[in-house]
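Under my numbering, think of the first position of the sequence shown as 1, with each following residue one higher.
Data first, discussion second: the structure below is written as structure tokens.
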Amino acid sequence: MSDTGPSHHDDPIVLVGIESTCDETACAVVAGGREVLSSVVASQIDLHARFGGIVPEIASRAHLEAIGPVISQALAEAGIAPADIAAVAVANQPGLIGSLLTGLMAAKTLAWVWRVPLIGVNHIHAHAYSPALAAGPIEYPAVALIASGGHTSLYLCRSPMEMELLGATIDDAAGEAFDKVAAILNLGYPGGPAIERAARSGRADAIKFPRTLLEGQSLDFSFSGIKTAVLYHVNGVPGSVRAKRGAACDGVAKGIEHLDETQIADIAAAFQAAVVDVMRIKIRRAVQAAEADVRTIILGGGVAANAALREAVMQLGGKLEVAVRVPATEYCTDNAAMVAGLGCHYLRAGRIDNLRLAATATVRR
Ligand code: KG4
Ligand code: ZN
């Protein structure tokens, strides 16, 4: 089955999407579910960089300041009139509650003023739809890995709207692990692109970091172990841990200030290889365990921008004879086009909400 639903030519439904789940304030206008008429993203990275991570209170305030101008810009760039808009879709879960509320209130206001339906969309489900943007429809069933700073989830998707959660991280998200390891290696924030850059000149087999696969055929993820392994490799195993586990101190173990560029590049490459390995193995498990004949592997979320991950998953797709769909870089990270695009399918299916729609910080499904 392909994502037959909305296509611009037979049904030019135009939706406005709003995204404010984390640290990006975004608004987009999408026609027919896949044609992006405009996509405006105001990033807060600069505001949070000096703290080495996202500060929720700062994020909330920045969303408030940005949301009005971002919406105006998206509407202007799309060149559409309110009368052309069929619905407003908003990512109302999961995310930081203060951040979610700003986007939700803006979406409710627009839906009310324009007298159009309001559609709540799960942000992670929207990531799984993102490869369809400005591209051809996705063939289903699909296995989707969504990996970002806030989530690492594996789904079986029967359509853009039917998502079955197969597994998720039990501790850190993959992007969070990239960010934390980049902090250990003094590579700056956000960590993903910095690790990827450093890894290019490193040797992935220089160090063997653990691949945490969890028990049996588990499709859950755990990234806190590898983060700790990197920390111990750099700083040495603390005495208390060594006493308890009898662990040998096998790392470079002098502290980051004693490592040269080559050693840091090796650590980055070996860390990245371990994370990519785990993801490849879990995706393969999910494809092989699915009762349905999986036709597509989807990657989404900020970590999907990682070239080593893309390459590994492309190879896996080749071996399994399954298509691999990865969004354009601008749709890997948080954006509102994916929200509007998925919202179009919801509208067609009549899955609309009302002005009592609530924001939900955490959801596991
Ligand atoms: O989807 P996203 O923009 O925001 C969240 O919802 O979290 O993802 C951001 C995350 C950050 O943790 C960042 O370090 C990671 O995605 N990331 C990457 C790369 N680019 C961004 N991780 C690995 N390799 C990259 N090239
Ligand atoms: Zn995201």
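Beta carbons are placed, not taken as given, at the ideal position from N, Cα and C, and that holds for glycine.
Handout entry: Separation of Val40 from Asn335, as counted between CA atoms
Key = 8 Å
Problem - Selected residue, minimal CA-CA separation from Lys254, among Arg242, Ala268, Leu231 - result: Leu231
Problem - In DSSP terms, what Arg325 is bridged to - result: Ile298
Exercise for the section: Evaluate Val113 with the Cβ neighbour count: other Cβ atoms within 10 Å of its Cβ, from every protein chain shown; 16 or more gives buried, anything less gives exposed. Expected result: exposed
Exercise for the section: Would you kindly check if the distance between the Cβ of Phe209 and the Cβ of Asp172 is under 9 Å? Expected result: no
Practice task
Using only alpha-carbon positions, find the residue among Thr360, Gln73, Ser218, Pro160 that is nearest to Val278.
Solution key: Ser218
Practice task
Using 8 Å as the cut-off, classify the Cβ of Asp179 as near or not near the heavy atoms of the ligand ZN, replying yes or no.
Solution key: no
Exercise for the section: Keeping to the same chain, check which residues put their C-beta closer than 6 Å to that of Cys27; ignore five residues upstream and five downstream. Expected result: Ile18, Val40, Val70, Ile71, Ala74, Ala336
Exercise for the section: For Pro190, count neighbouring C-beta atoms within 10 Å of its own C-beta (all shown protein chains included) and say buried if the count is 16 or more, exposed if not. Expected result: buried
Problem - Backbone CA spacing between Val363 and Pro94 [nearest angstrom] - result: 6 Å
Practice task
Check whether the Cβ of Gly332 lies closer than 8 Å to any heavy atom of the ligand KG4, and answer yes or no.
Solution key: In the sequence under discussion, the amino acid at residue 332 is Cys, which differs from the Gly named in the question. Cys332 Cβ: within cutoff of the ligand KG4.
Practice task
Between the Cα of Ile124 and those of Leu185, Ile54, Ser20, Ala289, spot the shortest distance and give me the residue it belongs to.
Solution key: Ser20
Exercise for the section: Determine the burial state of Ile119: buried for a count of at least 16 other Cβ atoms within 10 Å of its Cβ, exposed for fewer. Expected result: buried
Problem - Sufficient close CB pairs (3 or more, under 8 Å) joining the region 258-273 to the region 155-165 - result: no
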